[in-house]
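Numbering-wise (UniProt numbering), the sequence shown opens with residue 1 and increments by one. Here's the structure we're looking at; comments come further down.
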Amino acid sequence: MDDDGDMAEMYLTEKKSRMEMSFYGDQSMIGYRSADGASISAPVSPVSSPPDSRRLDKSLSMARSRHESMRSTESNTENIEELEMLLEAYFVVIDSSLNKLTSLKEYIDDTEDFINIQLVCSVFLSHINSKLSNKNL
Numbered sequence: 001m002d003d004d005g006d007m008a009e010m011y012l013t014e015k016k017s018r019m020e021m022s023f024y025g026d027q028s029m030i031g032y033r034s035a036d037g038a039s040i041s042a043p044v045s046p047v048s049s050p051p052d053s054r055r056l057d058k059s060l061s062m063a064r065s066r067h068e069s070m071r072s073t074e075s076n077t078e079n080i081e082e083l084e085m086l087l088e089a090y091f092v093v094i095d096s097s098l099n100k101l102t103s104l105k106e107y108i109d110d111t112e113d114f115i116n117i118q119l120v121c122s123v124f125l126s127h128i129n130s131k132l133s134n135k136n137l
């Protein structure tokens, strides 16, 4: 958790929305729709279209990711700080629970020891009583 990237990955809601934006952004780049739902695309030459369109898609994707990266860096820093504060609060609660459970375990162990001592004492006393009663007979 020392790595800010790991901390940022814990923001699952933001990660989901980024993935959805990326998906819908890719969908919008495929073709623009007019008001009546028909696809409006630039005229395409059958010979030069595939490499050019791939290059364009790649360029747009890279530009989008750079823009997204620059924009999200500022919010990531704030989000990471917020996440660190939340994790610290959870750590305090968990640490407190661990201390209580450890104390409870020690109390149980002490109680078991006390019961064993009482059992040994009662066996010892009954043994002494039986010896005394046999001696008196």
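By construction, the Cβ of each residue, glycine as well, lies at the ideal position given by its N, Cα and C atoms. Note that the structure is a prediction, hence the values are computed from the model and not measured.
- A straight-line Cα-Cα distance of about 24 angstroms links isoleucine 108 and valine 92.
- Going by C-alpha positions, serine 75 is about 34 angstroms away from leucine 98.
- Here the alpha carbon of alanine 89 sits roughly 31 angstroms from the alpha carbon of methionine 21.
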